[in-house]
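In what follows, a single structure is set out as C-alpha cells and then discussed.
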Amino acid sequence: MIDRLVIFGATGDLSARYLLPALAALRTAGHLGDRFQLTCAGRQDWHNEQFQHWAAAQLDRHGGSWPTDLREAIVTSARYRRVDITDPAQVASVIAGDGPVAVYLALPPALFPAAVTTLHQAGLPPGSRIVLEKPFGEDLDSAEELNRLLADFVPEQAVFRVDHFLAMTTVQNVLGSRLANRVLEPIWNSAHIAEVEIVWDECLTLEGRAGYYDGVGALKDMVQNHLLQLLCLVAMEPPISLGERDLRDRKVDVLRSVRALTEKDVLRRTRRARYKAGRIGDRTVPAYADEEGVDPGHRTETFAEVELELDSWRWSGTIFRLRSGKALGNDRKEIAVRFRPVPHLPFGHSGQARPNVLRFGLDPEGLTLDLTGIGSRAQTLVPLTLTAQMGPPDLPAYGQVLLDVLNGNAALSIRGDEAEESWQVLTPVLSAWSEDLVPLQEYPAGSDGPTLQQQPAPRLA
Ligand code: BG6
C-alpha cells in the first residue's frame with residue numbers, strides 16, 4: 001500500500017465534497033496506517049492553519065457522519081502547499097519524499113495535459129500512481145493525446161482514471177445480481193429484454209460549480225463516463241474474474257459493439273436541454289443561464305438523453321436509453337430493465353399483465369421487480385412488486401476509489417482504450433450538437449425535464 005497521497009486542487013469542490021470525507025471514512029474504518037501522509041496542494045495563498053480551518057468546515061458540512069476525532073485527525077495531519085501546477089520545480093518539491101506517492105489531480109479537466117506534462121518534468125518516484133478525474137479529455141482527440149502524454153512517463157497500471165460510480169455498491173450490485181444468480185443470466189438478452197433505461201435525474205442544480213460545469217454539460221459530465229460505464233456493466237459478457245484485465249476487456253467489448261450513430265440517428269435519438277427558472281420543493285431556482293459564473297453563450301446543456309443499440313449476438317434488438325438531467329422535480333437514479341410481454345395470457349379479459357421491470361436503485365439503494373399476479377378475485381390480474389434492500393455501504397464511493405488507488409487495484413478505474421472507446425461512441429453526438437443540429441430545449445427547474453419535441457425512436461413493447 002502506498003502511504004503518501006498528494007491532492008492537487010485540494011481547495012476545490014471535489015476535495016471538499018468527496019475526497020476529504022472519503023479520507024475521514026478510511027481513517028474511521030482503519031484503512032490508513034500511522035505512516036499515512038496527506039499533502040494538500042492548491043492555488044490559494046494559504047497557511048497550513050488556514051487550509052486546516054477550511055478543511056474542518058468542509059468536513060463538518062460534507063462528512064458530518066464520521067466521528068469528530070477522526071475527522072480532526074485527517075485535518076491536522078494534512079500539510080498544505082501553495083503550488084502552481086505548471087511549475088515543475090514547485091511540483092517536484094510537493095511530491096518529494098520517501099518512496100512512491102499517489103498523486104490525485106482534482107483539477108478541472110482542461111488542466112490535465114499541463115499537469116501531466118509538469119509531473120513528467122518534475123519526475124515521479126518509481127512505483128508512484130497518478131489519478132485523474134472525469135471527464136478524461138474533452139473529446140476523442142484530446143483523450144488520445146492525454147493517453148499519449150501519460151504513456152510517455154508512467155505505465156498504464158499506474159494510471160487511475162476515476163469513475164466513482166463504479167465504486168458504488170449499488171452499481172456493483174448489478175454484477176452481483178447478474179453473475180451470482182441462476183435466474184437472470186439465461187434471460188439477459190434481447191429475446192427477453194426490450195429496453196434498458198439508465199437514468200440519473202437529479203434535483204441538484206449547478207450548486208456553484210460553474211467553473212467546472214459550464215461548457216462541459218450533461219453529456220460530458222455524466223453520459224460519456226458514468227452512464228456508459230453503467231451500460232458496460234449491464235451489457236457485458238460474464239467476465240472470467242473481476243480482476244482488472246478480465247473486467248475491463250469485457251467492458252471495452254460493449255463499447256466497441258455500440259452501433260455508430262449516423263447524423264440522422266443523432267437527430268432522432270438524442271435530446272439536449274437546459275433548465276429555466278422554477279421551483280424545486282420550496283426552493284426557488286434561477287435559470288441555468290443566470291447562475292453565477294455561467295456564460296449563456298456556451299449553450300451548455302443540463303439535460304442529455306441518448307438512445308443506443310448494440311450490435312452483438314446478445315443485444316441486437318434491445319434499446320438502451322441513457323439520460324441525465326439537473327434541476328429536475330424528482331431524483332430518479334436507477335437502471336430499469338424492461339422485459340418483453342409474455343407470449344400468451346390465458347386469463348381472458350380479466351386484466352392486463354404489465355411487462356416485468358427489474359430496477360436497480362442506485363441512490364437510494366434497492367432492487368425491485370415489477371410483476372403481475374392474481375388478485376383476491378380469482379383470475380383477476382393485479383400488479384405485484386418484489387423489493388429487496390441492501391445495507392448501507394462500508395465505505396462511500398470515493399473512499400473505495402482512494403483505497404483502490406493506495407492499494408494499486410485498478411479494476412474499478414477506466415483503462416486508456418476504454419476512455420477512448422467511450423468518446424468514440426459519442427463523437428457523432430458531440431459533432432451534431434456543436435453544429436446545433438439538435439435544438440437546445442428548455443425545461444422549468446422542478447419539472448420532469450423537456451417535453452418530447454422530437455420524434456423519439458420507436459419504443460418497443
Ligand atoms: C459527478 C458529477 O461526477 O457525479 C455531478 O460531476 C453529479 O454533476 C455527481 O451530480 C453525482 O454523483 P454523486 O455521488 O454526487 O451522487
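Those letters in the sequence shown? Residues 1 to 461, per our numbering, in order. A virtual CB, placed ideally from N, CA and C, is assigned to each residue, including glycine. Predicted, not measured: the structure shown is a model, and the values here were computed from it.
For the beta strand (DSSP E) that residue i lies in, which residues bound it at each end?
i      : result
Pro125 : Here Pro125 belongs to no beta strand (DSSP E), and DSSP marks it neither H nor E.
Gly176 : Premise fails: Gly176 lies in the alpha helix (DSSP H), Thr169 to Leu179, not in any beta strand (DSSP E).
Phe153 : Element bounds for Phe153: n/a, residue is neither H nor E.
Glu237 : It is not in any beta strand (DSSP E) - Glu237 carries neither H nor E in the DSSP assignment.
Phe51  : Here Phe51 belongs to no beta strand (DSSP E); instead the alpha helix (DSSP H) covers Asn48 to His62.
Ala102 : Ala102 to Leu105
Ala304 : Phe303 to Glu309
Phe8   : Arg4 to Phe8
Hey, residue i and residue j are a contact pair by Cβ (cut 8 Å); roughly how many whole angstroms apart?
i      : j      : result
Glu420 : Glu144 : 6 Å
Lys220 : Pro135 : 5 Å
Thr387 : Val196 : About 20 Å separates the two Cβ atoms, so there is no contact after all.
Ser177 : Leu166 : 16 Å between Cβ atoms; not a contact.
Thr117 : Leu149 : 6 Å
Leu384 : Ala353 : Going by Cβ atoms, the distance from Leu384 to Ala353 rounds to 11 Å, so no, they are not a contact pair.
Leu20  : Ala73  : So it is not a contact: roughly 12 Å between Cβ atoms.
Ile7   : Arg129 : Incorrect: roughly 13 Å between the Cβ atoms, too far for contact.
Leu267 : Val438 : 6 Å
Arg314 : Asn189 : 5 Å
What would DSSP say about residue i, mapped onto helix, strand or coil?
i      : result
Arg79  : strand
Ile319 : strand
Gln37  : strand
Glu197 : strand
Ile85  : coil
Pro296 : helix
Leu452 : coil
Arg245 : helix
Ala158 : helix
Ser413 : strand
Leu384 : strand
Ser312 : coil
Gln441 : strand
Arg129 : strand
Ser65  : coil
Ser324 : strand
Gly12  : coil
Gly446 : coil
Gly217 : helix
Ile74  : helix
Arg459 : For Arg459, the pLDDT reaches just 48, beneath the cut-off of 50, and the residue's location in the model is therefore unreliable, although a value from the coordinates is still provided. Coil, per DSSP.
Arg17  : helix
Hey, quick one: how far does the alpha helix (DSSP H) through residue i stretch, first residue to last?
i      : result
Pro428 : Gly416 to Ser434
Gly399 : Ala397 to Asn407
Leu20  : Leu20 to Thr28
Gly211 : Ala210 to Tyr213
Check your understanding: Of all the alpha helix (DSSP H) runs that stay within the bounds of the region 247–290, which reach a length of 4 or more residues?
Key -> 263–269
**Study point:** Uninterrupted beta strand (DSSP E) stretches inside the region 332–381 (no shorter than 3 residues)
**Key:** Whole beta strand (DSSP E) segments, 3+ residues: 332–339, 357–362 and 365–374.
Check your understanding: Do the region 241–260 and the region 307–314 make contact, defined as three or more Cβ pairs closer than 8 Å?
Key -> yes
Review point. Is it a yes or a no for the region 322–342 touching the region 202–211, going by three-plus beta-carbon pairs under 8 Å?
Key: Cβ pair count under 8 Å is three or more, so yes.
Exercise for review: May I ask you to verify whether the region 137–154 touches the region 417–431, counting CB pairs closer than 8 Å and requiring at least 3?
Suggested key: yes
Check your understanding: Touch check for the region 396–412 and the region 17–31: three-plus C-beta pairs under 8 Å?
Key -> yes
Check your understanding: Is it true that the region 44–52 meets the region 106–115, where meeting means three or more beta-carbon pairs spaced less than 8 Å apart?
Key -> no
Practice item. Flag this pair as touching only if the region 179–193 and the region 292–306 have three or more C-beta atom pairs under 8 Å; answer yes or no. Key: no
Practice item. Count the CB pairs spanning the region 225–233 and the region 151–166 that are closer than 8 Å, and state whether there are at least three. Key: yes
Review point. With contact counted as at least three CB pairs below 8 Å, one residue from each stretch, are the region 279–294 and the region 186–194 in contact?
Key: no
Review point. Are the region 74–81 and the region 48–63 touching, with three or more C-beta to C-beta distances below 8 Å?
Key: Touching, yes.
Practice item. Kindly confirm or deny that the region 206–217 and the region 377–391 touch, where touching means at least three C-beta pairs closer than 8 Å. Key: no
Check your understanding: Are there three or more Cβ pairs, one per stretch, closer than 8 Å when the region 264–273 is compared with the region 286–304?
Key -> Flag = yes, the region 264–273 and the region 286–304 touch.
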